[in-house]
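Asks: Take the sequence shown: its letter number 176 is residue 176 in full-length UniProt numbering, and every next letter is one higher.
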Amino acid sequence: MTPSDGYIFRHGDPRMSVYPMMDTPIISYSLIAAYLLFVKIVGPMWMKNRQPYEIRTTMIVYNLLTSVLNAWIFYNFASYGWFGKYRLPCEPIDYSKNKDAVKMVQICWIFFASKFVEFADTIFAVLRKKDSQISKFHVFHHCFAPATIWYLIKYGPGGYNTFLMIQNSFIHIWMYLYYCLAALGPKIQKYLWWKKYLTVMQLIQFITGMSYMTYLTFSHHGAAKYLYSSS
Numbered sequence: 001m002t003p004s005d006g007y008i009f010r011h012g013d014p015r016m017s018v019y020p021m022m023d024t025p026i027i028s029y030s031l032i033a034a035y036l037l038f039v040k041i042v043g044p045m046w047m048k049n050r051q052p053y054e055i056r057t058t059m060i061v062y063n064l065l066t067s068v069l070n071a072w073i074f075y076n077f078a079s080y081g082w083f084g085k086y087r088l089p090c091e092p093i094d095y096s097k098n099k100d101a102v103k104m105v106q107i108c109w110i111f112f113a114s115k116f117v118e119f120a121d122t123i124f125a126v127l128r129k130k131d132s133q134i135s136k137f138h139v140f141h142h143c144f145a146p147a148t149i150w151y152l153i154k155y156g157p158g159g160y161n162t163f164l165m166i167q168n169s170f171i172h173i174w175m176y177l178y179y180c181l182a183a184l185g186p187k188i189q190k191y192l193w194w195k196k197y198l199t200v201m202q203l204i205q206f207i208t209g210m211s212y213m214t215y216l217t218f219s220h221h222g223a224a225k226y227l228y229s230s231s
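1) Does DSSP classify cysteine 143 as helix, strand or coil?
2) Quick one: is glutamate 54 buried, meaning 16 or more other Cβ sit within 10 Å of its Cβ, or exposed?
3) How many Å lie between glycine 43 and phenylalanine 119 at the Cα?
4) What three-state label does DSSP hand serine 79 in the structure shown?
5) Take cysteine 180 as the anchor and find which of Lys136, Val61 and Ser96 has the nearest alpha-carbon.
6) Start and end of the alpha helix (DSSP H) containing serine 211?
7) Please state whether the Cβ-Cβ distance between threonine 162 and glycine 81 is less than 7 Å.
8) How would you write the range of the alpha helix (DSSP H) that lysine 115 sits in, first residue to last?
9) Once the 5 residues before and after isoleucine 166 are set aside, which same chain residues still bring their CB inside 7 Å of it?
10) For the alpha helix (DSSP H) containing tyrosine 191, name the first residue and the last one.
11) So, methionine 201 versus isoleucine 171, is the Cβ gap smaller than 7 Å?
12) Please work out which residues of its chain come closer than 8 Å, Cβ to Cβ, to arginine 128, disregarding the five sequence neighbours upstream and downstream, and give them in chain order.
13) Roughly how many angstroms separate the alpha carbons of cysteine 108 and isoleucine 134, rounded to a whole number?
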């Protein structure tokens, strides 16, 4: 039986209860706080009188695996949703126990968990003393993403909530693949002509994502429609 709108609004999607960290946001907030503590205080203090760590091989492996993970996420968001089954401008969230709907719940949680894996981006920068890479926006992004995604998938894993997720996973395929190949050295870097398009892709993601969510809100689709019907 599909839970009522009122139940979802008060307790979240019951299908999410089997996944770690989904009963309460406290664990997520604690991990975010630990991340901030390390990158802003503990890490810089630890590295103050030390030479940068040589972790190139670790970074190559990490970036390759993260690119592959995002490829898996993108493929599954596409297969179970946006490439044939979902539709624009608004795809309602399926709260049933339909096989595809349950699979989408799993994909959403893996996407959420991957945001904590990506904390390694900043941790590696701290250990390599690459302070220029640790901008305020960089740190804000890594904190904001898991904090907001928790609420999206707790109350609405699937449907229109995955529009930003599939975009993000697609861009991260190429972003982490670039980082992986660039770490191999100058002989490879000269062939990475598509680096300049990564920023453009990120801007497109931001503009289309914000435009889509604004449309959903003011057209009484998506979250706004759900909130109004539950009040």
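Backbone N, C-alpha and C fix where the C-beta goes; we use that ideal spot for every residue, glycine too.
Replies: Put simply:
1) helix
2) Label assigned to glutamate 54: exposed.
3) 13 Å
4) helix
5) Val61
6) 195-218
7) yes
8) 99-117
9) Taken in chain order, the residues that qualify are Phe74, Phe77, Ala78 and Trp82.
10) For tyrosine 191, there is no enclosing alpha helix (DSSP H), as DSSP marks it with neither H nor E.
11) yes
12) Cβ within range, chain order: Pro52, Tyr53 and Ile55.
13) 27 Å
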